[in-house]
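A short worksheet on the structure shown next.
Residue numbers (my numbering): 63 to 262.
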């Protein structure tokens, strides 16, 4: 929590005439405030929508934890901070065509529409192959599916479709979700109010 927010908390508690000289009282208050901040973070993640990433992966990773020095609220998901602040994502990547994991596989076309990774594309029946564009050396993964075999002869492959772009790095824009600024202050304030009600 930013230092100025910590001063605001102390001022509110002092103005209410509540003594937090007891470590137990301080811990109780911080636990309630931390859980309120975590609740707000979960609401924000749920509000992002989607099939899984926000409403399950990120939401389930949010927690509030007491420590010897205070209260920590955050997410254990590897992408949580990257979504909050943005920045560069670099290889090593994973998936078909990522030679020695030198590339990230970025979904395109049907793979993007269906939120496929390379494993899901193969499970959907696509055979993937890498293509290098001569003009600039850009790399892509195309896929084709074998059509049903006719009575005579072998089946023919479907037209090749662009499914993934291979890149060494990409820049991801920030997509803030964790409460900060006024939103954080409001969550902290609500937590303090909830704590004070337990003393009535």
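Note that CB positions come from ideal geometry on N, CA and C, so glycine has one too.
*For residue 265 versus residue 183, is the C-beta spacing smaller than 8 Å?*
Residue 265 cannot be examined here, being either before or after the span of the chain that is shown, 63 to 262.
*Do you know how far the Cα of residue 107 is from the Cα of residue 181?*
The residue you call residue 181 lines up with position 119 of the chain shown. The residue you call residue 107 lines up with position 45 of the chain shown. C-alpha separation (whole angstroms): 27 Å.
*Tell me, please, whether the region 90 to 107 touches the region 246 to 256 by the rule of three or more beta-carbon pairs shorter than 8 Å.*
yes
*asked:* Quick check on residue 199: does DSSP put it in helix, strand or coil?
replied: Walking along the chain shown from the start, residue 199 turns up at place 137. Of the three classes helix, strand and coil, the one that applies to residue 199 here is coil, per DSSP.
_Burial state of residue 69, where buried means 16 or more other Cβ atoms lie within 10 Å_ = Working through the chain shown from its first residue, we reach residue 69 at position 7. Because residue 69 carries a pLDDT of 39, less than 50, the predicted location of this residue cannot be relied on, and no value is offered for it.
*Report yes if the C-beta distance between residue 124 and residue 105 is below 8 Å; otherwise report no.*
As a first step, residue 124 must be located in the chain shown, where it is residue number 62. As a first step, residue 105 must be located in the chain shown, where it is residue number 43. Not a contact, by the Cβ cut-off of 8 Å.
_Straight-line Cα distance separating residue 95 from residue 64_ = If you number the chain shown from 1, residue 64 lands on position 2. If you number the chain shown from 1, residue 95 lands on position 33. Because the pLDDT of residue 64 is 37, which lies under 50, any placement of that residue in the model is unreliable, and the number read from its coordinates should be weighed accordingly. Taking the straight line from one Cα to the other gives about 14 Å.
*Can we say the region 192 to 210 touches the region 137 to 151, given the rule of at least three CB pairs closer than 8 Å?*
no
_Through-space distance from residue 83 to residue 235, alpha-carbon basis_ = What you label residue 235 is simply residue 173 of the chain shown in a count that begins at 1. What you label residue 83 is simply residue 21 of the chain shown in a count that begins at 1. For residue 235 and residue 83, the distance between alpha carbons rounds to 44 Å.
_Please list the terminal residues of the continuous beta strand (DSSP E) segment that includes residue 223._
For this step, residue 223 is matched to residue 161 along the chain shown. Unbroken beta strand (DSSP E) run through residue 223: 223 to 229.
*Rounded to a whole number of angstroms, what is the C-alpha to C-alpha distance between residue 88 and residue 262?*
The residue given as residue 88 occupies position 26 in the chain shown. The residue given as residue 262 occupies position 200 in the chain shown. Using only the alpha carbons, I get a separation of about 16 Å.
*Taking the CB atoms as reference points, tell me whether residue 226 and residue 185 lie closer together than 8 Å.*
Taking the chain shown and counting its residues from 1, the one referred to as residue 226 is at position 164. Taking the chain shown and counting its residues from 1, the one referred to as residue 185 is at position 123. Result no, Cβ atoms of residue 226 and residue 185 do not sit closer than 8 Å.
*Looking at residue 204 and the ligand SAM, is the gap between the Cβ and the nearest heavy atom below 7 Å?*
Absence of the ligand SAM is noted for the structure shown, with no ligands found whatsoever.
_Just to confirm, is the Cβ distance from residue 177 to residue 113 under 8 Å?_
Reading the chain shown from its first residue, position 115 is the one you call residue 177. Reading the chain shown from its first residue, position 51 is the one you call residue 113. Taking 8 Å as the Cβ cut-off, residue 177 and residue 113 qualify as a contacting pair.
*asked:* For residue 66, count the other beta carbons within 10 Å of its own beta carbon; 16 or more makes it buried, fewer makes it exposed. Which is it?
replied: Within the chain shown, residue 66 is the residue found at index 4, counting from 1. Since pLDDT at residue 66 reaches only 40, below the 50 mark, its modelled position is unreliable, and the value read off the structure follows with that caveat. Flag for residue 66 reads exposed.
*Less than 8 Å separating the beta-carbons of residue 223 and residue 172?*
Along the chain shown, one-based indexing puts residue 223 at 161. Along the chain shown, one-based indexing puts residue 172 at 110. A contact, by the Cβ cut-off of 8 Å.
*Output the boundary residues of the alpha helix (DSSP H) element that contains residue 85.*
For this step, residue 85 is matched to residue 23 along the chain shown. That run of the alpha helix (DSSP H) goes 85 to 110.
*Just how far apart, CA to CA, sit residue 117 and residue 230?*
Taking the chain shown and counting its residues from 1, the one referred to as residue 117 is at position 55. Taking the chain shown and counting its residues from 1, the one referred to as residue 230 is at position 168. If I take the Cα positions, the gap works out to 29 Å.
*Since residue 128 contacts residue 135 with CB under 8 Å, what's their CB separation in whole angstroms?*
Taking the first residue of the chain shown as position 1, residue 128 is located at position 66. Taking the first residue of the chain shown as position 1, residue 135 is located at position 73. Wrong, their Cβ atoms sit about 11 Å apart, outside the cutoff.
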